[in-house]
Each structure stands twice: as C-alpha cells, then as structure tokens.
Amino acid sequence: MEEEMENFRQHKVWTLEEPPKDVIPIQCKWVLTKKENASGEMTRYKARLVAKGFAQQKGIDYEDVYSPTSSFDTVRLLVAIGVQEKWILEQADVKCAYLHGKPEELIYMQQPTGFVLPGTEHLCCKLTKSIYGLKQGGRCWNQHLDQCLEKSGFSRNAIDPCVYELKLEEGRAIICVHVDDILVMSQNEEVKEKVKQLLNAHFECKFLGQVSHLLGVKFSHSVNGSVTLSQEVYIERLLRRFRMEDATCVATPMEVKANFQDDTTCEDFKNLPFRELIGGLLYLSQRTRPDIAFSVGKLSQHCANYTRKHWNGAKRILRYFKATKKAGITYQRRIVPLTAFADADWASSNEDRKSVTGYVIFLCGAPIAWRSNKQTCIALSTMEAEYVALCDCARQLTWIKEFIEQLGIRQVASMPIPIMCDSQAATAHASNYVDRSRTKHNDIRYHFVRDKVTDGMIKLVYVPTNDNVADIFTKPLNRRRHQAHAEQLISTDGVTV
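First residue of the sequence shown: 1, per UniProt numbering; consecutive thereafter.
Put into structure tokens, the structure is as follows:
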C-alpha cells in the first residue's frame, strides 16, 4: 500500500481540498492481488487503490468513456509478420499507466482508508489525474498515450487505432498497445534502442526483453526463428478449478452425434458453474485454441438454460485439453502467403434450422483469424449457407489486407488471396454471372463477394470436403478427421490421444 501511495504522490494525482456543498465525493477502496509469472508461480503481492466508478453519474462525473484495445487477431497478425520479416519481438509495460491521464471533469474522491492525515479528515481528494476505477480512466490514458506517441514521431494506424508505426533512417518499428502492455516490433537493434528512448521520455516503462508472456499467452521462441503461442498454465488452472486433473483423456472435444437441444426437464442445475467454465473455454478458443471453437460456441448457446448434458459436454472439452494442453499456434519463418478456408453446415440447428459459418485465415503456416458461429439468417440451400460463410471470410480478409497495406508490408499478402471452399455451386455463383432469381435475398452478400473477386482481391478455389480445414469450425468430427484438421491449426509436438 505504501508503494502504491508513493506512486500517487510522484504523479501528483490529487490535491486535498474541501468539496463544494453540492458535490458528493465518490468512494475508493483497496484491491489486493497476487502477481504471477508466466509459469503460474506467485511472484509478489500487489495493492491497488481504485475509485468506485459505479457511483459516477453520466453528464456530471463523466461523458465519453470509449477507449480502443487491440484485438488478439491483431496481435497474432503482427507476430506472424514479425516472424516472416525477421523482426525483433519484445514487450514492455508502462508503470502506473492510468495515473498519466487527465480527466476533463471535476472529480472529488474520499481519502483512502489508512492514509488520512490528522487534521484533514474534512478534506477530500480533488483528482488532477485519472485513477483506476474511474469510468473515463481508460479513455484518459489512451488519449495521453496517443498524444505522447504522436510527439515522438509515431503515426497511428488507420485500421487499428492501437497500432503505431515509427519510421527512422535506421529502419522501422511497430508497436501494439493493449492498455499498459506493449508489443514492440523492431527491424534491428538500433531501432529497438530508439523506441526505448522515445517511450522512456514520456513514461516509466519496464522493458522485459524478448516477448515471453503477453495478455495471458506464452510466447515460445525456437532457434530457427519460429514462435509458438500457447496457454498451458491457464489450461492447468482450469483443470484444477473444475477438479479434472485426473480425468480420462479424449481425442475430440465433442462427440460426433452430440445432442444439446434444450431440455424441458424441471430438474434444476443452476448450481453448476457452467457459465464460468464456458467463459474460460471461450477465452482459450479466441486466443490460441481454434480447434475447440465450434464445440465451445455450440455449448455457449445454452448458457441461459443448461442441464447436466451441457455440463458434461463442457467437461469433455477439459478432458480433451488434458491430452493437448501443451499445444499451441506456431508461426514459422517461411514465405507462406495469406490463405483462407471457408465452410458452412447447412440447417444444422434443430431448434431454428440456421446454418453454421466457419472460416480460418492462415499466414506463416498458422492461423491468424478464425470464426465459428451460427448464421443470423436462414439459408434456403447449402449453396446459400456456403455463400454466407464466404462473405464473412471475405470481410475479414478485407480488414487484414487493408491493415497490412497500412503497414506497407505487402509481400505477405499477394493478390488475389485464395479462399478454399468445398462448394462448387457457391464458387460458380461468385465467379460467374448466373441466374440469381432464386437468391435475390442474398444480393448484398453476392455483390460483396463478387466485387472482391472482380477487383482481384480474392479468388475462390474448390477443394474436396476432406481437405477443407474450415470443416472443423462447422460440426463435430470423428477422431481421424478432427486430428487431421487440428494438426494444421495447432502444433501438438507429437501429442496424440
């Protein structure tokens, strides 16, 4: 606590003043946490003073609160580019990030418990800087960061506002900011040292060397230049939390004929921590484990009405993780251009007969973006379902292409970008002017995909179903097919079940 208060003093976060009579000061509290390293071992205790921002009133204590954060799709894409271009990948942490921002509103806060000076009991803290817990705290920090980086010569990416680029005579650097965590990519040592100088001129930064543990993900570097992203520690924590350390392993995350339709039974299962488990599994599926994306997405549809079979289905994924906890996404140092796979499972939902979209986009031989979700419209044919999936995939590719072009690294995305699809009808529909009288309701999607094909941004390539990796994102597969597709998504280091 003394260390935290010293940080507040150094940053001159507040002054003690008597609040106006019509102002109700917000309260604050101490939050005590344990800090862990990449291996899950506790390294130290930390105390943080936070404001009770939930008591703030819109229009009085705050206005705008939005601040951008980088998606992990961006992080994976940048890592893949860094590996392929042989850039230096390092990480940094800004100390006391929120204490740099300045709120526009006048905010009074009660003095923190245990640190009220004698004779000042009637005074409150008039905030001159933002602190943790304020609704506008993240926005204040982001605005201050953006101003400082601009002054230092960084230019903000127009596609992702959390990515900045620095161009110097010695080379280039790219940084990706997620609140106070920074991924630093430099072309050479000279540029890396220059970036350190520029950041330290505005903030107190901890430069932690080669990126090893960022945003809950472990980064493993090999001698041949490849980088593997994995979350073994988090998986082990989930196994312990749900008492599955000694469970029997399974080869697939979901049974082929699994039926998770809503049960009309009156039996109450609300005491099961189903939603907590699904939240943990979703986190993994969005970070480093695309092989479970369909299974988790299917189960998450029943969070409002779950039963024992849904609980057992979620625990099966943990049994699958027990056998594959070391697996991760490996980006290799080789020239492998941007490639995508798209697929759909037509009318697979027994409840509403909606189809499932699945796609995955590869760079450097590994996935950088993927999706598995139920379609919002009801497709009237297999071709229509496939076309919806192609449209979603093309939209994501458009974002990636524009992002890469903003960075000026076009060699990783040669045009046209191939999208592999196992529907010859959908491929013909997008590549040729055919009779669309029966598919007029899909006109917007048709024109979008066809426009991208005509412009030469994408090309649709037919592949047999067994060779379409996106199949794993649309339905549960048997052991042989699941492992065949999973091996293209994640590196398992020879782990088999």
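Don't be surprised by glycine CBs; every beta carbon is placed ideally from N, CA and C.
Because the structure is a prediction, the values reported are computed rather than measured.
Apply the 10 Å Cβ neighbour rule to His310 and answer buried if 16 or more other Cβ atoms are within range, or exposed otherwise.
buried
Under the three-state DSSP convention, the category Ala470 falls into
helix
From this set, Gly101, Glu36, Tyr45, Phe72, which residue's C-alpha is nearest Val65's C-alpha?
Gly101
Check whether the Cβ atoms of Thr145 and Val195 lie closer than 8 Å to each other.
Going by the sequence as given, residue 145 is Leu instead of Thr. No.
Within the chosen definition, does the region 203-221 reach the region 308-327 through at least 3 CB pairs nearer than 8 Å?
no
Touch test, the region 452-459 against the region 318-330, Cβ-Cβ under 8 Å, three pairs minimum:
no
Could you check which residue in Leu183, Pro19, Phe294, Leu272 has the C-alpha nearest to that of Leu281?
Phe294
Under 8 Å, do Val449 and Ala379 count as touching if we go by C-beta distance?
no
Assign Gln84 to one of three DSSP states: helix, strand, or coil.
helix
Just grab the DSSP bridge partners of Glu49 for me.
For clarity, residue 49 is Leu in the given sequence; the question names Glu instead. According to DSSP, Leu49 bridges with Trp30.
Taking only the alpha-carbon atoms, compute the straight-line gap between Glu17 and Val179 and give it to the nearest angstrom.
31 Å
Hey, is the region 159-177 in contact with the region 42-59, meaning 3+ C-beta pairs nearer than 8 Å?
no
How is the beta strand (DSSP E) around Asp455 delimited, first residue to last?
Neither: Asp455 is in no beta strand (DSSP E) and is coded neither H nor E.
Which residue marks the beginning of the beta strand (DSSP E) containing Gln210, and which one marks its end?
205-210
Would you give the residue range spanned by the beta strand (DSSP E) that Ser431 belongs to?
It is not in any beta strand (DSSP E) - Ser431 instead sits in the alpha helix (DSSP H) that spans 424-431.
What are the residues that DSSP puts in a beta bridge with Ile174?
Assignment of beta-bridge partners to Ile174 by DSSP yields Glu165, Met185.
Terminal residues of the beta strand (DSSP E) in which Val227 lies
227-230 is the span of the beta strand (DSSP E), which, as asked, contains Val227.
For Gly153, the three-state DSSP class (helix, strand or coil):
coil
Residues bridged to Met109 (per DSSP)
Beta bridge pairing from DSSP links Met109 with Ile26, Cys125.
For Ala340, the first and last residue of its enclosing beta strand (DSSP E):
339-345
With a cut-off of 8 Å, do at least 3 Cβ pairs link the region 208-224 to the region 115-125?
no
Determine which residues share a DSSP beta bridge with Gly328 and list them.
Ser230, Ser491
Can you tell me which of Glu386, Met420, Ser349, Trp141 puts its alpha carbon nearest to the alpha carbon of Phe362?
Met420
Ile417 in three-state terms, based on DSSP
DSSP, read as helix, strand or coil, puts Ile417 in strand.
Only counting the same chain, and skipping five residues up and downstream in sequence, which positions put a Cβ closer than 7 Å to that of Thr69?
Cys162, His178, Val179
By alpha-carbon positions, which one of Ser348, Asn188, Trp370 ends up nearest to Ala340?
Trp370
Starting from Thr382, follow the alpha helix (DSSP H) in both directions and report where the run begins and ends.
Here the alpha helix (DSSP H) through Thr382 covers 382-407.
What is the DSSP secondary structure of Cys266, reduced to helix, strand or coil?
Annotation note: pLDDT 49 at Cys266 (below 50); position unreliable, coordinate value reported separately. In this structure, Cys266 counts as coil in the three-state DSSP scheme.
With the cut-off set at 8 Å, would you say Val191 and Gln91 are in Cβ contact?
no
Cα-Cα separation between Lys58 and Val13, rounded to whole angstroms
Roughly 22 Å separates the two Cα atoms.
Using a Cβ-Cβ cut-off of 8 Å, state whether Asn305 counts as contacting chain D.
Although the question refers to chain D, the structure presented lacks it and comprises just one protein chain.
In angstroms with no decimal places, state the Cα-to-Cα distance between His482 and Gln143.
46 Å
With H, G and I counted as helix, E and B as strand and the rest as coil, what does DSSP make of Glu276?
helix
Cβ distance (whole Å) where Ser152 is taken to contact Leu78 below 8 Å
So it is not a contact: roughly 19 Å between Cβ atoms.
What three-state label does DSSP hand Val217 in the structure shown?
The three-state secondary structure of Val217, taken from DSSP, is strand.
Sort Phe403, Ser226, Leu489, Lys270 by Cα distance to His302 and report the nearest one.
Lys270
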